[in-house]
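Down below is the structure, laid out as structure tokens.
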Amino acid sequence: MRNAIVVAARATAAVVSGLAFTAIIGSGTAQADPQDCVIEQDAFSATATCHDTDAPAGREYALIVDCWGLHGIPNAFPLYAIGPFSQSSPSFVPTGQATGACSTNWGAPSLNAGVITNARVEIYRQ
9 MRNAIVVAAR
19 ATAAVVSGLA
29 FTAIIGSGTA
39 QADPQDCVIE
49 QDAFSATATC
59 HDTDAPAGRE
69 YALIVDCWGL
79 HGIPNAFPLY
89 AIGPFSQSSP
99 SFVPTGQATG
109 ACSTNWGAPS
119 LNAGVITNAR
129 VEIYRQ
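In the numbering used here, the protein residues as written are 9 to 134.
Put into structure tokens, the structure is as follows:
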């Protein structure tokens, strides 16, 4: 078991260090699909801040982070793959803030690690 953890850690370090330059090229501030939201991102984290004061009552947003790196294959634990995957933040109100990263699932049973290739805000609940 210890050898598997060491192998996974080495693979993660290689993926992250080898691909960080790709995500840095695409970093910066972007306008989100729901209006009045701004996303700031770098290679390893993204933050969405929304000021949608005209949103209907009960509406919620979610920050979706697209990643490239090591990730668990859905419904196939303990198998892993290297490639694209997405993660989302918990929902937040239209006048709120959320953060996201590609390594938010550290711990059992999933180990995801990668760099951010894109981030966007989507309506979670209308």
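No residue lacks a Cβ here, since even glycine has one placed at the ideal position from N, Cα and C.
- Annotated three-state conformation of F100 is strand, per DSSP.
- Boundaries of the beta strand (DSSP E) around H79: E68 to G80.
- Membership of T125 in the beta strand (DSSP E) is indicated by the continuous run A121 to R133.
- Here D60 really is in contact with P102; their C-beta atoms are around 4 angstroms apart, less than 8 angstroms.
- Counting C-beta atoms within 10 angstroms of its own C-beta, L87 has fewer than 16 neighbours from the protein chains shown and is therefore classed as exposed.
- Exposure of I81 is indicated by the presence of fewer than 16 other C-beta atoms within 10 angstroms of its C-beta.
- Beyond the five residues adjoining it in sequence on each side, A127 comes within less than 6 angstroms, by CB distance, of I47, Q49, A54 and V73 in the same chain, given in chain order.
- When DSSP reads this structure, T55 sits in a beta bridge with E48 and T107.
- By the neighbour-count definition (other C-beta atoms within 10 Å, threshold 16), A63 is a buried residue.
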